[in-house]
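Trainee: The sequence shown begins at 1 in the UniProt record's numbering and counts up one residue at a time. Take this structure first; my questions come after.
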Amino acid sequence: MNVSVITCTMREDCMENMIRNFLHQTWQKKELIIILNNDKMNLEQCLKYVSQYQEKIKVYQLPEKTTLGSCINFAVSKARYNYIAKFDDDDFYSPFYLDEAMHAFRTTEALVVGKRTVYTYFINSQELGIHHPGFEGKYVHSVRGATIVFNKRIYKNIQFPDLNRGEDGGFFLQCQKHGYKIFSTNKENFVCLRNDISKQTEKNDRLKEGCISIIKTKNYEKLVTSTK
């Protein structure tokens with residue numbers, strides 16, 4: 001069971017986080033495909049940045065006008081392996097994230113796995129909460145987009161729609177149409193990170209209102225990481 005991790009980004013300052021999330025995964029059989037979706041990003045510089053990992057990390061650049069859905073589809077077309085894990089560029093994935101996802105494929109009938117209940121960390125206020133509680137260890141209609149992992153064979157019938165917003169929702173609707181089961185694992189080993197910057201203040205306030213068990217902490221990585 002080999003995994004192709006795919007990440008689309010418009011931000012050079014996220015490169016370090018993307019590579020860290022990938023390299024520290026304990027799952028050994030993996031590759032990382034990075035899609036640059038910003039015309040101002042320097043492809044050659046990014047290739048140089050990952051050159052020491054060239055056997056496991058590939059970088060491509062698409063025109064900025066290319067939608068996120070099309071970027072994801074392009075990344076899947078370049079994937080060598082049979083399982084695809086979609087990582088966001090600015091979130092946290094613990095070293096055991098892929099192990100947990102692949103265990104779900106072995107023990108359920110799902111062709112898509114992910115997390116519906118997730119930890120969310122508000123960086124400036126240093127608050128950690130649980131968003132969408134109550135959806136762990138069960139079949140669901142959808143999971144958080146940043147946690148989608150799927151068996152590549154479903155791609156013969158469905159792809160991500162050519163959209164910048166709602167591409168994940170379109171993917172899940174197609175999964176339901178074809179009868180592909182989606183399984184939500186537990187909330188551990190992933191954190192959605194939120195910067196409390198002004199343009200996101202209102203959105204973050206609404207997000208925080210939807211969280212339970214909010215605690216103050218600086219060490220969220222240790223709290224959410226589980227080997228079970």
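Cβ coordinates follow ideal geometry from the N, Cα and C atoms, glycine included. The structure displayed is predicted, hence computed values, not measured ones.
Going by alpha carbons, who is nearest to residue 14 out of 91, 148, 210?
Mentor: Start at 1 with the first residue of the sequence shown, and residue 14 comes out as number 14. When only C-alpha atoms are compared, the closest one is 91.
Trainee: For residue 123, I'd like the list of residues in its chain whose CB is within less than 8 Å of its CB, leaving aside the five on either flank, ordered along the chain.
Mentor: Looking up residue 123 in the sequence shown gives position 123. Once the five neighbours on either side are set aside, the close Cβ partners of residue 123 are 193, 194, 195, 196.
Trainee: Could you say if the region 12-29 and the region 103-114 meet the contact criterion of at least three C-beta pairs nearer than 8 Å?
Mentor: They do not touch, by the three-pair rule.
Trainee: Which residue comes first and which comes last in the alpha helix (DSSP H) that contains residue 107?
Mentor: Counting from 1 along the sequence shown, the entry for residue 107 is found at position 107. Where residue 107 is concerned, the enclosing alpha helix (DSSP H) stretches over 97-107.
Trainee: Name the residue from 94, 114, 93, 132 whose alpha carbon lies nearest to the alpha carbon of residue 182.
Mentor: Stepping through the sequence shown from its first residue, residue 182 is reached at position 182. For residue 182, the nearest C-alpha among the options comes from 114.
Trainee: CB residue 32 to CB residue 57, shorter than 7 Å?
Mentor: For the purposes of this step, residue 32 is taken as the residue at position 32 of the sequence shown. For the purposes of this step, residue 57 is taken as the residue at position 57 of the sequence shown. Yes, the pair counts as a contact, with Cβ atoms nearer than the cut-off.
Trainee: Output the boundary residues of the beta strand (DSSP E) element that contains residue 36.
Mentor: Within the sequence shown, the letter at position 36 stands for residue 36. 30-36 is the extent of the beta strand (DSSP E) around residue 36.
Trainee: Quick one: complete beta strand (DSSP E) runs, 3+ long, within the region 110-136?
Mentor: Segments of the beta strand (DSSP E) lying fully in the region 110-136: 112-114, 118-122, 127-131.
Trainee: State the start and end residues of the unbroken beta strand (DSSP E) segment that holds residue 171.
Mentor: Numbered from 1 along the sequence shown, position 171 holds the residue referred to as residue 171. That residue, residue 171, is in no beta strand (DSSP E); its alpha helix (DSSP H) goes 167-178.
Trainee: One question on the structure: do residue 41 and residue 89 come within less than 7 Å of each other, judged by their Cβ atoms?
Mentor: For the purposes of this step, residue 41 is identified with residue 41 of the sequence shown, where counting begins at 1. For the purposes of this step, residue 89 is identified with residue 89 of the sequence shown, where counting begins at 1. For residue 41 and residue 89, no; Cβs fall outside 7 Å.
Trainee: Whose CA, out of 47, 54, 37, lies closest to the CA of residue 61?
Mentor: Walking along the sequence shown from the start, residue 61 turns up at place 61. That would be 37, whose Cα lies nearest to the Cα of residue 61.
Trainee: To the nearest angstrom, how far is it from the Cα of residue 131 to the Cα of residue 188?
Mentor: By 1-based counting over the sequence shown, the position of residue 131 is 131. By 1-based counting over the sequence shown, the position of residue 188 is 188. Distance between the alpha carbons of residue 131 and residue 188 is about 12 Å.
Trainee: So residue 136 and residue 94 are in contact, right, with Cβ under 8 Å, and what is the actual spacing, rounded?
Mentor: Looking up residue 136 in the sequence shown gives position 136. Looking up residue 94 in the sequence shown gives position 94. Rounded, the Cβ-Cβ distance is 16 Å, inconsistent with contact.
Trainee: So residue 211 packs on residue 147, CB below 8 Å; how close in whole Å?
Mentor: Position 211 of the sequence shown, counted from the start, is the residue given in the question as residue 211. Position 147 of the sequence shown, counted from the start, is the residue given in the question as residue 147. Between residue 147 and residue 211 the Cβ distance is about 17 Å, and since that is not below 8 Å, they are no contact.
Trainee: In whole angstroms, what is the alpha-carbon distance linking residue 112 and residue 180?
Mentor: For the purposes of this step, residue 112 is taken as residue 112 along the sequence shown, with counting starting at 1. For the purposes of this step, residue 180 is taken as residue 180 along the sequence shown, with counting starting at 1. Taking the straight line from one Cα to the other gives about 7 Å.
Trainee: So, helix, strand or coil for residue 224, using DSSP?
Mentor: Position 224 of the sequence shown holds residue 224. In this structure, residue 224 counts as helix in the three-state DSSP scheme.
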